[in-house]
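Below: one structure, written as structure tokens.
Residue numbers (the numbering used here): 93 to 220.
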């Protein structure tokens, strides 16, 4: 069974293992798709980034841009790019980013690129 090949399959995982090939990634990706629950939303929203205390919005406000909002904008920018035209490609670097993209685009296509001397990265696109 494929699952035995991987210690865990987590939507919170970081970088792919250094030994992975695109073929290894595709096996992991198929299992990851089974773990990610699709969202009804079309893009990542602000709700998860709100400062909450006891389930209600905090009276304190933060006027700067939070790390969550920068991340949300990054994911939404990728979604905008890959939805913009046929075979538009964008890039990301972590498995948890792929998992977040899958929430909004369950038909996401990916490829792990290990050909560069730098760290591996993912190409992501939609076949429309």
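Ideal placement from N, C-alpha and C gives every residue a C-beta, glycine not left out. Quantities reported herein were computed from a predicted structural model and do not represent experimental measurements.
query: Three-state secondary structure (DSSP) at residue 188?; result: helix
query: Can you tell which of 108, 160, 102 has the C-alpha that lies nearest to the C-alpha of residue 203?; result: 108
query: Hey, would you say residue 174 sits closer than 7 Å to residue 217, going by beta carbons?; result: yes
query: For residue 171, which option in 162, 161, 182, 178 has the closest C-alpha, if you only look at C-alpha atoms?; result: 182
query: With H, G and I counted as helix, E and B as strand and the rest as coil, what does DSSP make of residue 133?; result: coil
query: What does a CB cutoff of less than 6 Å around residue 103 pick up in its chain, not counting 5 residues either side in sequence?; result: 127, 128, 191
query: Which residue from 114, 120, 116 puts its Cα closest to that of residue 101?; result: 120
query: Please confirm whether residue 44 and residue 185 have their CB atoms less than 7 Å apart.; result: Nothing about residue 44 can be reported from this structure: the residues present for the chain run from 93 to 220 only.
query: Have a look at residue 44 and residue 114 and give me their C-alpha separation to the nearest angstrom.; result: Not covered by the structure: residue 44. The range shown for the chain is 93 to 220.
query: Report the option in 160, 220, 162 whose CA atom is closest to the CA atom of residue 177.; result: 220
query: Within 10 angstroms of the Cβ of residue 195, are there 16 or more other Cβ atoms? Answer buried if so, exposed if not.; result: buried
query: On the criterion of 16 or more Cβ atoms from any shown chain inside 10 Å, does residue 209 qualify as buried, or is it exposed?; result: exposed
query: List the residues that DSSP assigns as beta-bridge partners of residue 60.; result: Residue 60 is absent from the structure shown; the chain starts at 93 and stops at 220.
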